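K.L.:
Count the sequence shown with mature numbering (1 follows the signal peptide of the UniProt record, and there is no 0) and you get residues -20 to -1, 1 to 338, in order. Next up is a structure, given as structure tokens.
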Amino acid sequence: MAFLSILSTILLATASFSQGRQVFHVPSTIQNGASIAQFEYSSQLDAPKLSTVNGSVFDWWYFDVVSADPDNLATAVVILYTTSHDAFPFLDPFDGALPAQIVVTFPNGTLVSTQLLADSATIIAEDDYSSGEWDGTGIKWSGQSSGYTVTIDSPIAGVKGSITFQPVAPAHLPCGSVQAGETLEVAPHLGWSNAIPDSKASVNLVINGTSLAFEGIGYHDKNWIDEPFFAHVASWYWGHAHVGPYSLVWGLIDLTGKEEFGSAYVAQDGKIITAACAADSISVRSTRAGYHISFDLGSEKGRMEADVHILGNLAGLDDDPVYGRFIANVSARIASPSGVSGEEFQGMALCEQFKLTN
Ligand SMILES: *[C@@H]1O[C@H](CO)[C@@H](O)[C@H](O)[C@H]1NC(C)=O
Ligand SMILES: *[C@@H]1O[C@H](CO)[C@@H](O)[C@H](O)[C@H]1NC(C)=O
Ligand SMILES: *[C@@H]1O[C@H](CO)[C@@H](O)[C@H](O)[C@H]1NC(C)=O
Ligand SMILES: *[C@@H]1O[C@H](CO)[C@@H](O)[C@H](O)[C@H]1NC(C)=O
């Protein structure tokens, strides 16, 4: 069955996902029948990856910005989903298929969040960029090679303004750079594409009369699944950081304690040093302050060693052992194969952790 579904994905990819511009309309109702997910890249990195949204699949577009100033705990996260509540039960209960979330923290770390529901959604994929609108929520985004802008005008949520992203590092896929034939599966049945691993971002929002304006480190990716994925996840670590000249993205997923799937991305001054998914490409170890993350940069360069120091939990669930989304500061340096440590750089990160079964 797995082979058959891979085969049909390839057929779909060549038959209907062509370069150029394509418009997708997603209705607000959950559809019946099998949904076909795309798990191999051919074009249109940021397009919808499911043929339909049935009750056991999801696809989402995720945007975040973390303040570049370690004394400022401001963050902004906007997520637009095509999912049922059953397929992604971590959201507040909703009907239909098109929830959206806005989660921000103010400079003092105070969190506010709101969940909205769209009547319909439109996504336009153009080359490897996308634009989208969740009708009825006041949230839309627009992307091109020069960058992305998320615009919010939601009287219901009391949120108005925009977030801009100017990329500073190239897009990548779970196991490498963006190239036809590359896999989109970061773990079995979990798709991932990262259109903006790192960017200069500007947040200008007004939230129920209070301004939230800051410059930071912005990120945009998307994930999708074609079967209830979280049932198999024991733990999940993910995050991104900008540290000196480096852009870092890490992912480590442990499936019911048996199998680990990692993905490591390091770019320096806008050029990819590593984008890999071998099991030993990345390791994440808990420390008293947060995590120590080690990225394999290959036999010549050695490893990128990063210490992630958690400054606050953005999920507003301080006592929830299951899920955390954190703002963190990071120090990172390259350790050469002979053990010589390079210059240490400091920066900021936004990261996430699920701990489910054990
Ligand atoms: C949705 O599609 C997936 C993938 O084709 C399939 O495994 C699943 O059974 C479908 N779910 C429903 C509720 O039809
Ligand atoms: C934090 O900042 C927000 C926005 O300015 C404000 O509404 C809130 O009262 C502040 N909280 C504390 C604990 O100072
Ligand atoms: C703004 O205020 C309204 C009315 O009190 C509330 O429903 C909404 O959740 C608030 N928005 C945010 C982002 O906190
Ligand atoms: C991170 O923040 C902590 C707490 O404020 C501080 O002790 C540490 O030096 C900071 N580290 C970096 C790399 O900025």
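From the three backbone atoms N, C-alpha and C, an ideal C-beta is built for every residue, glycine too. This one's a predicted model, so the numbers in the text were calculated from it and none came from an experiment.
Got a sec: does ligand 4 put a non-hydrogen atom nearer than 8 Å to the Cβ of asparagine 52?
P.N.:
No, the Cβ of asparagine 52 stays beyond 8 Å of every heavy atom of ligand 4.
K.L.:
Taking serine 31 as part of the beta strand (DSSP E), name the residues at either end of that continuous run.
P.N.:
Looking at the DSSP string, serine 31 is not in any beta strand (DSSP E), and its letter there is neither H nor E.
K.L.:
What's the gap between the Cα of glycine 196 and the Cα of isoleucine 290?
P.N.:
Approximately 17 Å between the Cα atoms of the pair.
K.L.:
Look at the Cβ atom of isoleucine 104, then the Cβ atom of glycine 118, and state whether they are nearer than 9 Å.
P.N.:
Contact: no.
K.L.:
For tyrosine 251, count neighbouring C-beta atoms within 10 Å of its own C-beta (all shown protein chains included) and say buried if the count is 16 or more, exposed if not.
P.N.:
Looking at the sequence provided, one finds lysine at residue 251 rather than tyrosine. The residue is exposed, with fewer than 16 neighbouring Cβ atoms inside 10 Å.
K.L.:
Between Ile205, Val45, Phe334 and Glu113, which lies nearest to aspartate 66 when the distance is taken from Cα to Cα?
P.N.:
Out of Ile205, Val45, Phe334 and Glu113, Ile205 has the C-alpha closest to the C-alpha of aspartate 66.
K.L.:
For serine 261, which three-state DSSP category applies?
P.N.:
DSSP places serine 261 in helix when its eight states are reduced to three.
K.L.:
Using DSSP's beta-bridge definition, name the partner residues of leucine 232.
P.N.:
Answer by DSSP bridge pairing, in chain order: Tyr217 and Gly242.
K.L.:
What does the Cβ neighbour count give for lysine 238, buried or exposed, with the cut at 16 atoms within 10 Å?
P.N.:
Result: exposed.
K.L.:
For the candidate residues Trp172, His272, Leu71 and Val58, whose alpha-carbon lies nearest to that of valine 139?
P.N.:
Of the candidates Trp172, His272, Leu71 and Val58, the one whose C-alpha sits nearest the C-alpha of valine 139 is Val58.
K.L.:
Can you check which of these residues, Asp249, Gln24 and Trp172, is closest to glutamate 106 by C-alpha distance?
P.N.:
Glutamate 106 has its Cα closest to that of Gln24, out of Asp249, Gln24 and Trp172.
K.L.:
Under a Cβ-count criterion, where at least 16 other Cβ atoms within 10 Å of its own Cβ denotes burial, should histidine 212 be classed as buried or exposed?
P.N.:
Answer is buried; the Cβ neighbour count reaches 16.
K.L.:
Please determine, among Gln333, Gln2 and Ser15, the residue with the shortest C-alpha to C-alpha distance to histidine 169.
P.N.:
Nearest option by C-alpha distance: Ser15.
K.L.:
Counting beta carbon pairs with one atom in the segment 180 to 196 and one in the segment 156 to 171, are three or more of them shorter than 8 Å?
P.N.:
Because the criterion of three Cβ pairs below 8 Å is not met, the segment 156 to 171 and the segment 180 to 196 do not touch.
K.L.:
Taking 8 Å as the threshold, find out whether the segment 87 to 105 comes into contact with the segment 143 to 157 through three or more Cβ pairs.
P.N.:
No, because fewer than three Cβ pairs between the segment 87 to 105 and the segment 143 to 157 fall closer than 8 Å, the two stretches do not touch.
K.L.:
Could you give the distance in angstroms between the alpha-carbon of glycine 76 and the alpha-carbon of glutamine 326?
P.N.:
In a straight line, the C-alpha of glycine 76 is about 43 Å away from that of glutamine 326.
K.L.:
Please say whether lysine 335 and valine 302 have beta carbons closer to each other than 9 Å?
P.N.:
It is a contact, given that the beta carbons lie within the stated cut-off.
K.L.:
Using only the heavy atoms of ligand 2, determine whether one of them is closer than 8 Å to the beta carbon of asparagine 88.
P.N.:
Correct: asparagine 88 has its Cβ closer than 8 Å to ligand 2.
K.L.:
Are leucine 330 and histidine 220 close, meaning C-beta to C-beta below 9 Å?
P.N.:
Against a cut-off of 9 Å, the Cβ pair of histidine 220 and leucine 330 comes out as a contact.
K.L.:
Any residue with its Cβ nearer than 5 Å to a heavy atom of ligand 5 should be included. What is that list in chain order?
P.N.:
Ligands present in the displayed structure are limited to ligand 1, ligand 2, ligand 3 and ligand 4, and ligand 5 is not among them.
K.L.:
According to the Cβ coordinates, are leucine 53 and proline 79 closer than 9 Å?
P.N.:
Not closer than 9 Å, so no.
K.L.:
For the segment 267 to 283 against the segment 159 to 168, do three or more pairs of beta-carbon atoms, one drawn from each stretch, fall closer than 8 Å, so that the two count as touching?
P.N.:
The answer is no - the segment 159 to 168 does not touch the segment 267 to 283, with fewer than three Cβ pairs under 8 Å.
K.L.:
Skipping 5 residues on each side, what residues in its chain have a beta carbon closer than 8 Å to that of isoleucine -11?
P.N.:
Residue placement at isoleucine -11 is poorly supported in this model, since its pLDDT is 34, which falls under 50; the coordinates are not used for a value here.
K.L.:
Any heavy atom of ligand 2 inside 8 Å of the beta-carbon of threonine 94?
P.N.:
The answer is no for threonine 94.
K.L.:
With distances taken from CA atoms, which of Ile187, Leu60, Gly292 and Gly123 is nearest tryptophan 40?
P.N.:
Nearest C-alpha to tryptophan 40: Leu60.
K.L.:
What residue does the beta strand (DSSP E) around glutamate 162 start on, and which one ends it?
P.N.:
No beta strand (DSSP E) contains glutamate 162, which DSSP labels as neither H nor E.
K.L.:
Can residue 342 and valine 33 be called in contact, C-beta distance under 9 Å?
P.N.:
Residue 342 falls outside the range modelled here, since the chain spans only -20 to 338, and no answer is possible.
K.L.:
Going by Cα to Cα distance, which pick from Thr62, Asp49 and Ser126 is closest to glycine 224?
P.N.:
Of Thr62, Asp49 and Ser126, the residue nearest in Cα terms is Asp49.
K.L.:
Following the continuous beta strand (DSSP E) through residue 416, name the residue where it begins and the one where it ends.
P.N.:
In the structure displayed, the chain extends from -20 to 338; residue 416 sits before or after that span and is not available.
K.L.:
Please report the residue range of the beta strand (DSSP E) in which phenylalanine 4 lies.
P.N.:
Element bounds for phenylalanine 4: 1 to 7.
K.L.:
Quick test of your reading: aspartate 44 and lysine 202, contact by CB under 8 Å. State the CB separation rounded to the nearest angstrom.
P.N.:
No, aspartate 44 and lysine 202 are not in contact; Cβ-Cβ is about 13 Å, not under 8 Å.
K.L.:
Just to check, is the beta-carbon of glycine 16 closer than 8 Å to a non-hydrogen atom of ligand 1?
P.N.:
Position check: residue 16 holds isoleucine in this sequence, whereas glycine was assumed. Yes, ligand 1 has a heavy atom inside 8 Å of this Cβ.
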